Structures are given as structure tokens and as C-alpha cells.
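These notes are about the structure you will find just below.
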Amino acid sequence: MSDLTIYGTTLSPFTRTVRMCLEEKEEAYRIYEYLPGSDEQKQEHPLGKVPAIRDADLHLYETLAICVYIDEEYASDPQLQPRDSVEKADMFQRISLYMDEGYSNIGPGLVIPRLFNPLMGKPVDEDRIKRALPRIKRYLTIADKELRGQRWMVGEEMSLADLFVAPAIYLMKRTPEGQELLSDLENLSAWYTNMTNVESFRETEPKFPGK
Ligand SMILES: N[C@@H](CCC(=O)N[C@@H](CS)C(=O)NCC(=O)O)C(=O)O
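In C-alpha cells, the structure reads:
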């Protein structure tokens, strides 16, 4: 039984990834809804990013570090990292590409300006979106090709790679541009439909203010 606390907003795809890991392990946790950049979150992450965790005396930030800790510290079933070294390298390759080219464009280039700006009373930044779309398309096309029609991103089981990418696709699909981009990509669409049936994904669906 963990004594784990997450610091981060449930609207954040990275916070959702951590929550999915804990749901998969059937571990209870508390969540403090701290916003990125808030004074509270700057106590938890040196850059004020979300999420961070505390587990007894342990304090961790950066989603990948947190997820590897949860996977290795808690229930061995399900295991969220492949045992096979080549598959494990493949998983980290997908996560690294997602961080560099996936989230970095989908988040600040589309989801924040189209979905979150209006929630914060800011105007939609159409220029920012227009500039990001070609890079988002390039990343999604690579992810689609690498799936090769497989059910999971890597190997025969769900892994951290799936848990990282699915929350961003969820947010992206809430924008008209994201829906259109995904509709052209058969492998990624089928994979995402499969992810929407995963219990930890369903259990962590964020609630949008006013919805
Ligand atoms: N490298 C960080 C990225 C986390 C991240 O970018 N979180 C976003 C919210 S989804 C955030 O805190 N953004 C605020 C910022 O970049 O200053 C991780 O893996 O945890």
C-alpha cells in the first residue's frame, strides 16, 4: 500500500500518465491539484512543471522517472516495461520521440492555444496553431508508421510508451485540427480506440471546467 501523493493538475497529460501507472498497479494515491508555474508547484518541481510525487521520504519529479519508480517499486503485475532489452530500448525510443516532437508540439502548439487558453480567459492563438500543425503531422505520421497495425506500441503488452502518448492524443482529439489529423492515420486511430477501452485510461479521464 503506497502513501503516495501526486502534485499536478488532472488536465495535464503527464499527470494522467502517472495516475494511469498507479491505477494499473491498483495503488491508492492522493492528488494535490497544483497548477504549472504556481508557487506551490515550484516547491515540488524546480521549474514548476507538473507532475511531481512524494512517497514517504522520496520526492521525485519528471514523469519518466516517476513512472519507472512506480513500475519497479509496486506490484510486479502488470509490468509496464518490457523485459526484453530490445523492446525496452524501443519503448524508451518512442517516449523520447514523443517528448521531443510529440508533446512539445501537440501541447504548446495546439492543445494549450486552442483548448486551455479559452479556459484561462485568453484568446486562441491561431498563428501558433498554424505553425505547429506541420510538426504535429510529422510526429503523428512517424508514430502511425511505427505502430505497424499492432495493438500496443511495443511488444505484446501495454507499456509506458502507450501510457505516455494516449493522454496527449485524448486532448488533441478535442480540437478540430487534431480530429482531422488523426482521421488520416489508420494505425494510430485503431491504437487509440483500443486505448479508450483500457480501464486506467477511462478512470483518469479529466473533467473540463464547466463540462
Ligand atoms: N519533462 C516534464 C514535462 C512536464 C510538463 O511539461 N508538464 C506541463 C503540463 S502538461 C507543464 O508543467 N508545463 C508548464 C511549463 O512548461 O512551464 C515531465 O516529463 O514531467
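Numbers 1 to 211, taken from the numbering used here, label the letters of the sequence shown in order. Note that beta-carbon positions come from the ideal geometry of N, C-alpha and C, so glycine has one too. In this text the structure is predicted, and so the values were computed from the model without any measurement.
Separation of residue j from residue i, as counted between CA atoms
i      : j      : result
Gly109 : Arg128 : 6 Å
Pro123 : Arg30  : 33 Å
Glu203 : Thr10  : 12 Å
His59  : Tyr69  : 11 Å
Glu27  : Asp162 : 19 Å
Asp90  : Ile112 : 29 Å
Glu72  : Glu126 : 42 Å
Gly149 : Asp184 : 14 Å
Tyr98  : Ser38  : 25 Å
Spatially closest choice to residue i from the options, by CA coordinates
i      : options                           : result
Ala52  : Thr193, Gln81 and Ser12           : Ser12
Gly178 : Leu147, Gln150, Glu157 and Gly102 : Gly102
Tyr61  : Glu87, Asp184, Gly8 and Ser104    : Gly8
Lys25  : Lys207, Ser200 and Phe208         : Ser200
Lys207 : Asp184, Ser183 and Leu171         : Leu171
Sequence-distant residues of the same chain with beta carbon closer than 7 Å to residue i, five excluded per side
i      : result
Asn194 : Arg151
Pro118 : Val124
Arg174 : Leu115
Val154 : Pro82, Glu87, Asp90, Met91, Arg94 and Ala161
Same chain, Cβ closer than 8 Å to residue i, five either side skipped, listed in chain order
i      : result
Glu157 : Pro78, Gln79 and Pro82
Glu180 : none
Nearest-angstrom Cβ-Cβ length linking residue i and residue j, presumed shorter than 8 Å
i      : j      : result
Val18  : Ile66  : 5 Å
Ile136 : Ile106 : 6 Å
Cβ shell of residue i (< 6 Å), same chain only, five flanking positions each side left out
i     : result
Glu44 : Tyr7 and Ala52
Exercise for the section: Enumerate, from N- to C-terminal direction, the unbroken beta strand (DSSP E) stretches of 3 or more residues contained entirely within the region 19-45. Expected result: 29-32
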